[in-house]
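Here is the structure we will look at.
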Amino acid sequence: MAQTIHHYLIFETAGGFCGVAWSDAGIARFQLPTKSAEATERLLLRRLPEAEPGAPTPDVLETVAAVKRYFQGEETDFSGVELDLDGQDAFLRDIYAAARRVGWGHTTTYGALAKELGAGPEVARDVGQAMAKNPVALIIPCHRVLAAGGKIGGFSAPGGSSSKARMLELEGVNLAPPPPAQQSLGL
Numbered sequence: 001m002a003q004t005i006h007h008y009l010i011f012e013t014a015g016g017f018c019g020v021a022w023s024d025a026g027i028a029r030f031q032l033p034t035k036s037a038e039a040t041e042r043l044l045l046r047r048l049p050e051a052e053p054g055a056p057t058p059d060v061l062e063t064v065a066a067v068k069r070y071f072q073g074e075e076t077d078f079s080g081v082e083l084d085l086d087g088q089d090a091f092l093r094d095i096y097a098a099a100r101r102v103g104w105g106h107t108t109t110y111g112a113l114a115k116e117l118g119a120g121p122e123v124a125r126d127v128g129q130a131m132a133k134n135p136v137a138l139i140i141p142c143h144r145v146l147a148a149g150g151k152i153g154g155f156s157a158p159g160g161s162s163s164k165a166r167m168l169e170l171e172g173v174n175l176a177p178p179p180p181a182q183q184s185l186g187l
């Protein structure tokens, strides 16, 4: 069996430097922004060490343009981007497919995704672990999947939970607790 050839590109966005790696089948890895091209390249290659720099295909260029629009705050839909999820088991693919249905400006929870897959709340932790292993963050919008009660939850990308919050704010999602229903009169 021939080994899949992966190429990659590091590019700058309004949010920082991102990286994308692809094969003939589609996007295989996506690296969320860091402050430098070198840091992004290092993180991308940590997960796909055999990748080589390459000339992007028209589909990859379209995805790069969409990522740039996203980090400028423009509503962007990545649901049509072809992915190369080779090596991911069927359960992870199902979780990722469900997460891809969560659109711009919307959120769900780990438990709600588990329920959507026909599983009980005990699978919520597995959903969270799948999001942490997401090879194409943003394109599979793991940042839109929250912990129970709408809490931000973890985020394994550079900047952790604060990066997740910034991405959601870019989409107009307000994570602040609602104001109290009744104000104290201070008596």
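Last residue of the sequence shown: number 187 in UniProt numbering, and the count goes up by one each step with no gaps. From the three backbone atoms N, C-alpha and C, an ideal C-beta is built for every residue, glycine too. In this text the structure is predicted, and so the values were computed from the model without any measurement.
Less than 7 angstroms separates the beta-carbon of GLY26 from that of GLU82. For THR4, the closest of ALA14, SER23 and ILE10 by C-alpha to C-alpha distance is SER23.
For the 7 angstroms CB-CB criterion, TYR110 and ALA124 form a contact. When DSSP states are grouped into helix, strand and coil, PHE17 belongs to the strand group. Distances from the CA of HIS143 to each of GLU122, ALA14, CYS18 and GLU171 were compared; the closest alpha carbon is that of GLU171. For PHE30, there is no enclosing alpha helix (DSSP H); the enclosing beta strand (DSSP E) covers residues 26-34. The straight-line gap separating the alpha-carbon atoms of ILE139 and ALA119 is approximately 24 angstroms. The shortest CA-to-CA distance from LEU61 to any of GLU50, ASP77, TRP104 and PHE11 is the one to PHE11. The beta carbon of ARG93 sits closer than 7 angstroms to the beta carbons of LEU85 from its chain, once the five residues preceding and following it are set aside; these are given in chain order. In the three-state scheme derived from DSSP, where H, G and I count as helix and E and B as strand, THR109 is classed as strand. Look at HIS143 here: in three-state DSSP terms it is helix. Here DSSP, grouped into helix, strand and coil, assigns VAL81 to coil. Taking the CA atoms as reference points, LEU48 sits about 27 angstroms from VAL102. Under the three-state reduction of DSSP output, SER163 falls in the helix class. The Cβ atoms of PHE78 and ALA14 do not sit closer than 7 angstroms to each other.
Burial state of ALA65 is exposed, judged by a 10 Å Cβ sphere holding fewer than 16 other Cβ atoms. Taking every protein chain shown into account, the CB of ALA28 has 16 or more other CB atoms within 10 angstroms, so this residue is buried. If you keep only unbroken beta strand (DSSP E) runs of at least 3 residues inside the segment 41-78, you get nothing at all.
Assigned with DSSP and collapsed to three states, ILE152 falls in coil, not helix or strand. Only exposed fits PRO58, as fewer than 16 other CB atoms lie within 10 angstroms of its CB.
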